[in-house]
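Here is the structure we will look at.
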Amino acid sequence: MSTKYLTGWLRKLIGKVPLRFLLLIPFMIIIITMGGLMSWFSWHNGQQLVSEVAYQLANEISGRIKKSLETHLQTLYTLNVANAEAIRFEQLDLDHTDSLEHYFWRQNQLFDVISYIAFATATGEFIGIERQPDDTFTIGEVKSSLGNNLYNYMADEQGRRSDLLSVVKDYDPREQAWYKSAKQATQPVWSPFYLRATSNNVALGIVQPIYETTGPLKGVLMVELSLLKITQFLNQLNISQSGISVIMERSGKMVTTSTQEEVFPVSSNRQEFRQLYAKNSANSLIQLTAHHLLSRFGDLNEIHTTTQMTFESDQQHYFLQVVPLVNNGINWLIVVVIPAADFSHFINQNTRLIFLSIAIGTITTLFLGTLLARWMTRPLQHLQAAILRLSRGEWEQKLPLGRPDELGKLLKLFVHMEKKLQRAFESLEQQADDCKHQLSKAHSYLTASQAHLVQSEKMALLGQKISDIIHAVYAPLTTIKNNIEMTQELFTTTRELVVSYDQLINGLLSQEAEIDKAYLQTQLQELAESNQRFYEEYTLQEIQTVFNKSLTEIDKISAFITNLEKFSQIEQASIMDIDLNECLDNILVITDNIFKHKITIHKHYTTLPKVHCSPSQINHVLFNLLTNAGQAIEYQGLIYIKTSMDDKFVHLAIQDNGKGISKELLPQIFEPFFTTKPFGQGTGLGLAVSHHIIQQHGGHIKVVSEVGKGTKVVVSLPYQIQN
1 MSTKYLTGWL RKLIGKVPLR FLLLIPFMII IITMGGLMSW FSWHNGQQLV SEVAYQLANE
61 ISGRIKKSLE THLQTLYTLN VANAEAIRFE QLDLDHTDSL EHYFWRQNQL FDVISYIAFA
121 TATGEFIGIE RQPDDTFTIG EVKSSLGNNL YNYMADEQGR RSDLLSVVKD YDPREQAWYK
181 SAKQATQPVW SPFYLRATSN NVALGIVQPI YETTGPLKGV LMVELSLLKI TQFLNQLNIS
241 QSGISVIMER SGKMVTTSTQ EEVFPVSSNR QEFRQLYAKN SANSLIQLTA HHLLSRFGDL
301 NEIHTTTQMT FESDQQHYFL QVVPLVNNGI NWLIVVVIPA ADFSHFINQN TRLIFLSIAI
361 GTITTLFLGT LLARWMTRPL QHLQAAILRL SRGEWEQKLP LGRPDELGKL LKLFVHMEKK
421 LQRAFESLEQ QADDCKHQLS KAHSYLTASQ AHLVQSEKMA LLGQKISDII HAVYAPLTTI
481 KNNIEMTQEL FTTTRELVVS YDQLINGLLS QEAEIDKAYL QTQLQELAES NQRFYEEYTL
541 QEIQTVFNKS LTEIDKISAF ITNLEKFSQI EQASIMDIDL NECLDNILVI TDNIFKHKIT
601 IHKHYTTLPK VHCSPSQINH VLFNLLTNAG QAIEYQGLIY IKTSMDDKFV HLAIQDNGKG
661 ISKELLPQIF EPFFTTKPFG QGTGLGLAVS HHIIQQHGGH IKVVSEVGKG TKVVVSLPYQ
721 IQN
């Protein structure tokens with residue numbers, strides 16, 4: 001029989017088969033064929049699949065554990081080395097306890113793998129930050145001036161001390177195991193496990209000795225690994241129903257496990273602790289694993305590479321994977337154990353379900369598929385024809401709408417949608433007009449809201465610097481108060497001298513008795529001495545100096561409040577002629593009180609023509625730019641302000657030597673809500689609002705910046721602003 005004849009015969013045969021049956025045949029063939037093959041392979045390769053899945057799971061779990069531990073260990077090691085380098089290059093002052101304490105608190109806050117970070121001096125003083133299980137922080141301190149006691153304080157949200165929690169008597173950090181291990185080393189090393197002074201927790205940390213430039217030991221840096229975080233990580237791993245993971249030392253002692261077992265039992269008097277061997281664990285599976293490893297290798301130091309194996313006990317089959325972990329002196333073993341029974345049950349159950357599903361699926365498909373295909377083809381054909389007519393622009397469709405099922409509802413829905421579509425086309429033009437009207441109203445609303453946005457941003461900037469503003473007013477008030485108190489003391493001295501004069505004059509003018517010349521001589525001598533002391537102490541000059549200082553401080557407060565009032569005025573729509581140099585000086589009064597201990601201002605003014613503009617909005621832009629320049633400088637820095645002009649514009653340049661902005665971020669700085677400041681320190685609207693204000697005034701802003709060298713902002717405004 002030729003191929004051409006066979007192909008023709010098949011076409012004729014298929015052409016005679018109804019569509020509803022033709023749709024069912026391929027699916028029936030696929031279901032029966034694939035179901036049979038899946039059942040056979042599932043039954044034949046069930047055990048092999050269990051092994052592969054178990055090993056893959058063990059490999060994935062051990063890999064995740066190893067990666068997490070390596071990340072934790074390397075992070076702590078790097079932090080310790082970085083802190084030592086910061087000390088060596090004098091970027092971190094060990095004698096400044098407050099800055100060192102805040103520095104440690106910030107590191108502990110940023111890296112949750114740290115449970116304790118501390119520094120102990122060679123003289124026995126100590127400062128440390130501890131992370132609590134609820135992710136709060138405590139501050140521990142030992143000072144020789146306060147006695148050799150460990151004081152533990154609660155730290156608030158800013159890292160400052162609040163309540164005193166406990167006092168550990170006679171605590172000497174130099175007697176701790178971690179300090180001794182660092183003292184014997186010349187580089188960063190991992191300490192042995194040790195018992196904390198403030199809790200029953202056992203820990204270990206990376207320690208490093210710090211030496212003076214002349215050679216003697218200055219102290220020891222310590223960053224402690226959070227075993228609690230590692231244990232929580234192991235507990236969160238979804239190994240299997242009864243699978244476990246263990247981290248142990250080469251000696252066979254456990255470091256932590258995914259079980260609830262206490263690895264480091266502490267004595268009742270908290271004087272010592274034990275580290276359990278895996279072979280002595282209360283968990284039977286950990287015991288079996290330890291005995292199998294010892295019987296297989298003899299010495300756990302012989303395990304040098306990742307090893308997979310199986311073992312049996314009491315007719316139970318187990319899969320075991322051991323992964324060595326070596327990192328900067330740490331030499332541990334990661335052990336993952338998975339019972340085969342956790343998977344065999346699912347494999348067997350899955351095989352039975354496959355057989356049953358194939359049988360039910362085949363019968364159901366034959367029976368329901370035939371009925372469903374018959375019911376689906378008829379309305380679908382009507383629907384197809386209606387769609388073709390609709391595509392030709394025929395709106396009125398005649399369809400059989402008597403079916404009560406979903407397909408009948410589909411036809412009714414199609415008719416309903418056809419009518420709605422027709423009405424939609426008719427009302428499209430009206431809707432377009434409505435949209436234009438709504439857009440016009442929205443534009444008007446946005447324009448009217450601009451003034452409110454500017455004022456809101458201005459108040460936000462003032463809110464960010466409210467503590468500095470309070471300090472600017474509080475400092476002169478404190479000076480005035482001290483001067484008044486000093487004046488009271490000087491006035492007391494003056495009053496005593498006046499009383500002495502008054503007593504002497506009353507005695508001389510008295511006519512009731514003879515004047516005792518000896519007594520009078522004594523009084524005159526005492527009065528002369530008091531008078532000499534009065535003028536030697538320059539009492540009158542001091543009083544005059546105190547009054548002058550007080551008047552100066554009052555003038556400062558008055559000038560500051562006057563300039564602050566000018567800056568925060570709300571008359572956004574007021575337009576007048578202003579001197580840009582004068583506006584800058586007013587704003588500098590405010591910013592000078594904010595940055596006076598940090599920023600040096602260099603002004604280079606050119607005589608400028610007055611600019612016709614909104615003073616409030618321009619003041620907002622100037623304050624925003626100067627504040628940004630000051631905030632870009634972390635420690636001490638300079639800000640250069642230069643004004644100039646050409647035939648059309650006046651120009652203002654503000655340049656700082658701060659940290660700068662990267663080229664990748666420069667195109668985004670004028671976008672709303674974009675900020676390079678840390679979260680919670682900026683609204684992200686300052687430059688966006690400033691850019692919009694300058695554009696509305698017919699000007700432009702140009703920003704040039706380089707990371708590490710600073711930023712320069714140039715604002716250009718025309719002499720006369722239209723509208």
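Throughout the sequence shown, residue numbering follows the numbering used here, covering 1 to 723 in sequence. We treat Cβ as the ideally placed atom computed from N, Cα and C, and that holds for glycine. Since the structure is predicted, the reported quantities are computational estimates derived from the model, not experimental observations.
For the options N235, R250 and V266, the alpha carbon positioned closest to that of Q260 is the one of N235.
Looking only at V715, I25 and A86, the smallest Cα-Cα distance to I363 is reached by I25.
A straight line joining the alpha-carbon of L300 with that of S313 spans about 21 Å.
Taking a contact to require three or more Cβ pairs closer than 8 Å, the region 625-635 and the region 653-661 qualify as touching. For the set N280, G660 and R131, the Cα lying nearest the Cα of T198 is the one of R131.
Using a Cβ-Cβ distance cut-off of 8 Å, the region 60-71 and the region 117-137 are not in contact, since fewer than three pairs of beta carbons, one from each stretch, lie closer than that value.
S716 is bridged by DSSP to H651 and H700. Note that the region 158-173 does not touch the region 287-299; fewer than 3 beta-carbon pairs, one per stretch, sit closer than 8 Å. In this structure, T136 and Y153 do not form a Cβ contact; the two beta carbons are roughly 12 Å apart against a cut-off of 8 Å.
Of the candidates Q438, I387 and Q430, I387 places its Cα closest to the Cα of L413. Straight-line measurement puts the Cα of I239 at about 29 Å from the Cα of F355.
Taking each of T522, I334, I286 and T365 in turn and checking the Cα distance to T307, the smallest one comes out for I334.
At the C-beta level, L217 and K183 come within 9 Å of one another.
Note: Q308 is bridge-paired with Q321 in the DSSP secondary-structure output. Taking the Cα positions, M576 is about 6 Å away from S614.
In this structure, N148 is the residue among N148, N269, T33 and D134 with its C-alpha nearest to the C-alpha of T121.
Closest in C-alpha terms to Q636, from the list Q241, K663, I601 and H651, comes I601. Taking C-alpha positions only, V223 is separated from N327 by approximately 16 Å. Between the alpha carbons of L285 and V336 lies a distance of about 11 Å. Beta bridge pairing from DSSP links S245 with V336. Contact between the region 106-120 and the region 74-89 is present, with at least three C-beta pairs closer than 8 Å. For the pair S644 and V703, the Cα-to-Cα distance works out to about 17 Å. It is roughly 10 Å from the alpha-carbon of A54 to the alpha-carbon of G243. Close CB contacts of D502 within its chain, under the 7 Å cut and outside five residues either way in sequence, are absent.
Y605 sits in coil when the DSSP states are folded into three classes, being neither helix nor strand. By the C-beta density criterion, G140 is buried, having at least 16 other C-beta atoms within 10 angstroms. If you draw a 10 Å sphere on the C-beta of A688, you find 16 or more other C-beta atoms in it, and that means buried. T213: not part of any beta strand (DSSP E); DSSP gives it neither H nor E. Going by beta carbons, I210 and A84 fall inside the 9 Å limit.
L204 is the residue among L204, E157, S166 and D163 whose C-alpha sits nearest the C-alpha of K180. In the DSSP assignment, D577 falls within the beta strand (DSSP E) that extends over M576 to I578. Residue state for H597 is assigned as coil, using DSSP reduced to three classes. Residue pairing for Y153: DSSP places it in a beta bridge opposite I139 and L164. Here A177 is near P192, since their CB atoms are less than 9 Å apart. With 16 or more neighbouring CB atoms inside 10 Å of its own CB, M254 falls in the buried class. In the structure shown, F119 falls within a strand segment according to DSSP collapsed to helix, strand and coil.
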